[in-house]
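Visitor: Numbering (my numbering), first residue to last: 21 to 382. C-beta atoms are modelled at their ideal positions from N, C-alpha and C, and glycine is treated no differently.
(1) What whole-angstrom Cβ distance do residue 225 and residue 232 have, given they're in contact under 8 Å?
(2) Judging by CA-CA distance, which residue of 99, 110, 234, 103 is the nearest neighbour of residue 166?
(3) Only counting the same chain, and skipping five residues up and downstream in sequence, which positions put a Cβ closer than 7 Å to that of residue 191?
(4) What does a CB cutoff of less than 7 Å around residue 142 pick up in its chain, not counting 5 residues either side in sequence?
(5) If I'm right that residue 78 touches residue 189 with Cβ under 8 Å, what's the distance once you round it to whole angstroms?
(6) So residue 148 is in the alpha helix (DSSP H); what residue range does that whole segment cover?
(7) Which two residues bound the contiguous alpha helix (DSSP H) that contains residue 110?
(8) Taking the DSSP output, what are the residues bridged to residue 164?
(9) Once you ignore the five residues that flank residue 136 on each side, which residues in its own chain have a CB closer than 6 Å to its CB?
(10) Where does residue 229 fall in DSSP's three states?
(11) Ends of the alpha helix (DSSP H) at residue 256?
(12) So residue 208 is in the beta strand (DSSP E); what residue range does that whole segment cover?
(13) By alpha-carbon positions, which one of 116, 115, 132 ends up nearest to residue 122?
(14) Which residues share a DSSP beta bridge with residue 193?
(15) Whole angstroms is fine: what's the gap from residue 264's alpha carbon to residue 109's?
(16) Alpha carbon to alpha carbon, what distance is there between residue 195 and residue 68?
(17) Going by beta-carbon coordinates alone, are residue 177 and residue 98 separated by less than 8 Å?
(18) Does DSSP classify residue 317 as helix, strand or coil?
(19) Shortest alpha-carbon distance to residue 124 belongs to which of 114, 278, 104, 89?
(20) Looking at C-alpha atoms only, which residue of 203, 202, 215, 221 is the closest neighbour of residue 138?
(21) Would a C-beta distance cut-off of 8 Å place residue 63 and residue 278 closer than the cut-off?
(22) For residue 282, name the three-state secondary structure that DSSP assigns.
(23) Once you ignore the five residues that flank residue 215 on each side, which residues in its own chain have a CB closer than 6 Å to its CB?
(24) For residue 243, name the three-state secondary structure that DSSP assigns.
(25) With residue 92 as the anchor, note down where its alpha helix (DSSP H) starts and where it stops.
(26) Please state the DSSP three-state secondary structure of residue 236.
(27) Given this structure, state the Cα-to-Cα distance separating residue 80 from residue 102, to the nearest angstrom.
(28) Can you tell which of 140, 175, 134 has the C-alpha that lies nearest to the C-alpha of residue 1?
(29) Taking residue 383 as the reference, which of 236, 262, 256, 255 has the closest Cα?
(30) Between the Cα of residue 72 and the Cα atoms of 161, 286, 283, which residue gives the shortest distance?
(31) Where does residue 206 land, buried or exposed, given buried means 16+ other C-beta within 10 angstroms?
(32) Helix, strand or coil, according to DSSP, for residue 287 in the structure here?
(33) At the level of alpha carbons, what is the spacing between residue 256 and residue 58?
(34) Measure the alpha-carbon distance for residue 130 versus residue 246 and round it to whole angstroms.
(35) Using the three-state DSSP reduction, which class does residue 80 fall into: helix, strand or coil?
(36) Considering Cα atoms alone, identify which of 268, 229, 284 is closest to residue 52.
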């Protein structure tokens with residue numbers, strides 16, 4: 021009887037353990053789905069804001085009489101001076117660098133705000149989307165592949181119902197990348213490499229599998245991790261775990277709905293707990309910057325250092341992040357003061373390591 025009761029009790033414990041494990045797994049999976057939703061919704065909102073801000077500027081510039089006259093008279097030098105002065109004034113007063121260019125009706129570069137080197141360069145082979153704007157005769161804002169991948173707000177310029185050209189405001193994802201970085205997420209804007217021959221200014225960019233990295237201010241620290249993951253699995257599941265990181269996938273489309281690449285988010289697992297639950301309608305993303313997250317972690321590390329022995333600290337010396345080095349050394353020095361010279365020598369000998377150097381004599 022006692023054996024039967026023990027067996028039943030053990031079976032009940034096993035069932036409870038399985039249920040608890042399953043529930044814990046489900047909660048974790050739901051949390052990851054919530055974070056993915058937060059990332060994609062925030063990305064959509066930031067993209068929309070960038071597009072609308074760019075479109076507003078393009079619409080105003082399209083009505084600038086001096087610019088329109090310079091385009092009509094094919095005065096490239098005057099057009100560059102006017103455009104450069106306007107953008108310089110905006111940068112000085114608003115603190116934001118805005119890239120604008122004017123394109124002629126036959127799809128050649130008329131002038132650009134940041135340089136006048138490529139004046140006259142033909143764009144027919146790179147910007148087929150401009151033909152749609154010609155046909156529709158209305159402004160358009162979308163992510164497009166040109167000589168670089170970017171967010172482009174394009175407004176046709178008409179005078180007396182004659183198309184003179186286009187004014188275009190371009191964004192290359194710097195602001196969006198920085199926005200996500202401030203909340204602990206690293207964003208990678210990836211263009212499908214089938215556009216390699218079109219995006220001539222991106223041919224020297226870093227590549228990851230079948231993608232070309234489009235944003236220039238990306239974090240290089242996750243590149244090796246992304247190079248070693250299965251992108252087909254990531255694209256199918258949209259969530260992947262690799263080397264203490266959570267990786268999220270969102271498909272990128274151009275203005276006609278064609279898939280042209282992907283947005284990939286990398287979130288270190290140590291930041292995952294700082295995201296709000298989906299039912300919290302205060303904010304999609306927790307209102308805290310990466311510096312704040314690091315401050316919380318720093319206090320946690322400090323508490324761990326105080327509880328650790330010197331031997332345990334020595335074991336950690338090669339895996340400490342650069343930001344923690346100073347605090348780590350301070351705590352180690354405090355503990356070193358409590359040891360005699362002979363004890364320190366013995367400890368060094370016990371922790372001695374042999375380093376292998378790979379190389380070739382030339």
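Guide: According to the data block:
(1) So it is a contact: roughly 5 Å between Cβ atoms.
(2) Of the candidates 99, 110, 234, 103, the one whose C-alpha sits nearest the C-alpha of residue 166 is 234.
(3) 70, 74, 170, 171
(4) 127, 128
(5) 5 Å
(6) It is not in any alpha helix (DSSP H) - residue 148 carries neither H nor E in the DSSP assignment.
(7) 96-114
(8) 170
(9) 100
(10) coil
(11) For residue 256, the uninterrupted alpha helix (DSSP H) segment begins and ends at 251-257.
(12) Unbroken beta strand (DSSP E) run through residue 208: 206-212.
(13) 132
(14) According to DSSP, which records beta bridges pairwise, residue 193 is partnered with nothing at all.
(15) 45 Å
(16) Distance between the alpha carbons of residue 68 and residue 195 is about 13 Å.
(17) no
(18) Note that residue 317 scores a pLDDT of 47, beneath 50, so its modelled location is shaky; the value from the coordinates is reported in the next line. In this structure, residue 317 counts as helix in the three-state DSSP scheme.
(19) 89
(20) Comparing Cα positions, the closest option is 221.
(21) no
(22) strand
(23) Its chain contains 165 as the residues whose beta carbon lies nearer than 6 Å to that of residue 215, once the 5 sequence neighbours on both sides are disregarded; these appear in chain order.
(24) helix
(25) 85-92
(26) DSSP places residue 236 in coil when its eight states are reduced to three.
(27) 14 Å
(28) What the structure shows of the chain is the stretch from 21 to 382, and residue 1 is not part of that stretch, so it cannot be assessed.
(29) Nothing can be reported for residue 383, as the shown portion of the chain is limited to 21 through 382.
(30) 161
(31) The residue in question, residue 206, is buried, as its Cβ has 16 or more Cβ neighbours within 10 Å.
(32) If DSSP states are grouped into helix, strand and coil, residue 287 belongs with the strands.
(33) 19 Å
(34) Their backbone Cα atoms lie some 39 Å apart in a straight line.
(35) Residue 80 sits in a helix when the DSSP states are folded into three classes.
(36) Of the listed residues, the one whose Cα sits closest to residue 52 is 268.
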